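Asker:
In the working numbering, the protein residues as written are 166 to 273.
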């Protein structure tokens, strides 16, 4: 029987291996965040959602995004990318529900 390979992402000089076993607590937290976004006191004018599914696919959806929103989101994505890279480099080795970052490209 062939061994199932772990999902991988290889883009722009990076290789990331994911352990995508669903964690019930994490799934519940994500579901709660979706509900909170829809019922938040502040009014949202656009939404960009990027998720990794349990089968290893990256899924992004933009809802109601206008050009001025896109510029604001790009600035936020740059900040989030820096935070994610710092988090990935500090993470202990691979384990349950972790990503092992082998190499990350330099920020533009």
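Virtual Cβ for every residue (Gly too), placed ideally from N, Cα, C. Since this is a predicted model, take the numbers as computed values, not measurements.
With respect to the beta strand (DSSP E) encompassing residue 219, which residues constitute its N-terminal and C-terminal limits?
Answerer: Your numbering for residue 219 matches position 54 in the chain shown. Taken as a continuous stretch (DSSP letters only), residue 219 belongs to no beta strand (DSSP E), as it is neither H nor E.
Asker: Which class does residue 230 belong to by DSSP, given the choice of helix, strand or coil?
Answerer: For this step, residue 230 is matched to residue 65 along the chain shown. If DSSP states are grouped into helix, strand and coil, residue 230 belongs with coil.
Asker: So for residue 170, helix, strand or coil by DSSP?
Answerer: Here residue 170 refers to the residue found at position 5 when the chain shown is read from its first residue. Residue confidence for residue 170 is low, a pLDDT of 49 falling below 50, so the modelled location carries little weight; the figure read from the coordinates is stated next. The answer is coil: DSSP assigns residue 170 none of H, G, I, E or B.
Asker: Quick test of the definition: if touching needs 3 or more C-beta pairs under 8 Å, does the segment 216 to 230 touch the segment 244 to 251?
Answerer: no
Asker: How far does the alpha helix (DSSP H) with residue 208 in it reach, from first residue to last?
Answerer: Looking up residue 208 in the chain shown gives position 43. Segment: none, residue 208 is in no alpha helix (DSSP H) and carries neither H nor E.
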